[in-house]
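Protein chains in written order, with our numbering: chain A, 1 to 295; chain B, 1 to 181.
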């Protein structure tokens, strides 16, 4: 085998090293390794940790839901697409959970935060929790989620926390591509046959009550001026995008009451739908059964 | 242990280290190197240690850990025992940073190199956002085999995070397109 070999990139795996990984892509190290992760002066570190945890949890839980679609999609191309989107979101989750762990300063890394917190300690919005009932719900939820997250990350590129700004700067490019993909499917289904139109409309009606929470005031955001983005300020952009897509798709904007918080508490405060427990059971079971395992 | 002599040694070897680091092949696209892709940001000496700074193409890129291991392995073989690999997120990588040589290598391997990246949402003008449905726009991606512009995208996502699938209408061959990002 020579260095010119196409497989030279893998050559080092066969060498005797300290590296005990068992396959390509395993043995993850800190994704923020080597980045200056000091919290800027004047920034509330505890609030920053909670904020990054929330944004990381949104991506982690939704990535897991998208992964559950793989092997169940109608075409190989959509499998690849959803796996890629889930991978992008998992990458964002790893960066944000790592940032949360550092800002918290209690020695918890991304794995500790992902696998060893209980339901009530998760801070994700409830939109990402339920399983999609069909492909139309998948397209509709992905459109709402990515339009919202893109607007949010667009604001965060100017965050006073340089790490959050850098994570957002990478994320906007990925999210713009996800939003386009979802919009294409919503238009194709909405402006398709009578059956696909009705099912897309029904899917939107089912998801819509969970969308209001995305723009809800958040006490943690208020403690992070210049660092976090005001959720209410994102509504105009998201509405503009959704209205444009719905018009092209000949779909009506659903009405209906938002899913209300419980005693004033919702996802960001750790109050979730029943669905989250099932997601966590699957996501965390291996790590909890073998807490010292590495992969 | 840090001694002035060791520091000088690393500093003297910087050119060689840059060459070795730049020549590391990408694990997902082995026909191009880190230097070709523009993901090698810099190679510097710090307190007698060699510091290699790289940037990921996508947030979830699983190749990053492989690249870091490969860098350490190749540099160790060349005598650089103490190597730190750093990740840099900002400024975010753009496919515009792929060198002309890298583009030529991609084309020679049957992959279409990326078009100029669209202005990102971070650089957008304020106010209500018009919907840029980039997928609906004509692509103007040239077939890497026959050069024809009569191509169509068959899938928005490909076998790696950075490629999409296309088909040429003239020579009928399918090919991968490195996404503009």
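Note that beta-carbon positions come from the ideal geometry of N, C-alpha and C, so glycine has one too.
- A distance of 7 Å or more separates the beta carbons of residue 255 of chain A and residue 204 of chain A.
- Shown here for residue 230 of chain A: same chain residues with a beta carbon closer than 7 Å to its own, the five before and five after excluded, namely 221 in chain order.
- A straight line joining the alpha-carbon of residue 59 of chain B with that of residue 88 of chain A spans about 6 Å.
- Residue state for residue 162 of chain A is assigned as helix, using DSSP reduced to three classes.
- Approximately 5 Å separates the beta-carbon atoms of residue 215 of chain A and residue 232 of chain A; this is inside 8 Å, confirming the contact.
- Chain-ordered, the chain B residues with CB closer than 8 Å to the CB of residue 35 of chain A read 86, 87, 88 and 89.
- For the stretch 158-181 of chain B, residues whose beta-carbon sits nearer than 8 Å to a beta-carbon of chain A comprise 158, 159, 161, 165, 179 and 181.
- Taking 7 Å as the Cβ-Cβ cut-off, the stretch 73-97 of chain A approaches chain B at 77, 80, 81, 84, 87, 88, 90, 91, 92 and 95, given in chain order.
- Burial state of residue 278 of chain A is exposed, judged by a 10 Å Cβ sphere holding fewer than 16 other Cβ atoms.
- Per DSSP, the unbroken beta strand (DSSP E) holding residue 41 of chain B starts and ends at 40-46.
- Contact with chain B is absent for residue 202 of chain A, since none of that chain's Cβ atoms lies less than 7 Å from the residue's Cβ.
- For residue 136 of chain A, the enclosing alpha helix (DSSP H) stretches over residues 135-156.
- Put simply, the backbone Cα of residue 126 of chain A is about 7 Å away from that of residue 273 of chain A.
- By the neighbour-count criterion, in which 16 or more other beta carbons inside 10 Å mark a residue as buried, residue 105 of chain A falls on the exposed side.
- Runs of alpha helix (DSSP H) with 4 or more residues, each lying fully within the stretch 171-227 of chain A, are found at 194-207 and 219-222, listed in chain order.
- The alpha-carbon separation between residue 200 of chain A and residue 245 of chain A amounts to approximately 12 Å.
- The three-state reading of DSSP puts residue 61 of chain B in coil, since its state is none of H, G, I, E or B.
- Secondary structure of residue 89 of chain B (DSSP, three-state): coil.
- Per DSSP, residue 99 of chain A is not a residue of any beta strand (DSSP E); the alpha helix (DSSP H) it occupies stretches across 76-104.
- DSSP places residue 20 of chain B in the helix class (H, G or I) of the three-state scheme.
- The way I'd put it, the stretch 73-84 of chain B doesn't touch the stretch 150-160 of chain B; fewer than three beta-carbon pairs between them come closer than 8 Å.
- Collapsing the DSSP output to three states places residue 271 of chain A in coil.
- For residue 174 of chain B, the enclosing beta strand (DSSP E) has its first and last residue at 174-178.
- Neighbours of residue 59 of chain B in chain A, taken as residues whose beta carbon is under 7 Å from its own, are 88, 91, 92, 95, 170, 171 and 174 in chain order.
- Residue 71 of chain B and residue 237 of chain A have their C-alpha atoms roughly 43 Å apart.
- At a cut-off of 7 Å between beta carbons, residue 16 of chain B makes no contact with chain A.
- In this structure, residue 170 of chain A places its C-beta atom within 7 Å of the C-beta atom of residue 89 of chain B.
- Under the three-state reduction of DSSP, residue 33 of chain B is assigned to strand.
- The beta carbon of residue 94 of chain B is closer than 7 Å to those of 117 and 181 in its chain, skipping five residues each way along the sequence.
- Nearest to residue 64 of chain B by alpha-carbon distance, out of B:140, B:110 and B:25, is B:25.
- Under the Cβ distance rule, residue 181 of chain A counts among the residues neighbouring chain B, one pair being separated by less than 7 Å.
- Taking 7 Å as the cut-off, the Cβ atoms of residue 133 of chain A and residue 226 of chain A do not count as close.
- With a beta-carbon spacing of about 14 Å, residue 164 of chain B and residue 57 of chain B fall beyond the 8 Å limit used to define contacts.
- Look at residue 247 of chain A: its C-beta is not under 7 Å from any C-beta on chain B.
- Listed by position along chain B, the residues whose Cβ is nearer than 8 Å to that of residue 165 of chain A are 90.
- Around residue 156 of chain B, the beta-carbon contacts reaching into chain A at under 7 Å are 81 and 181.
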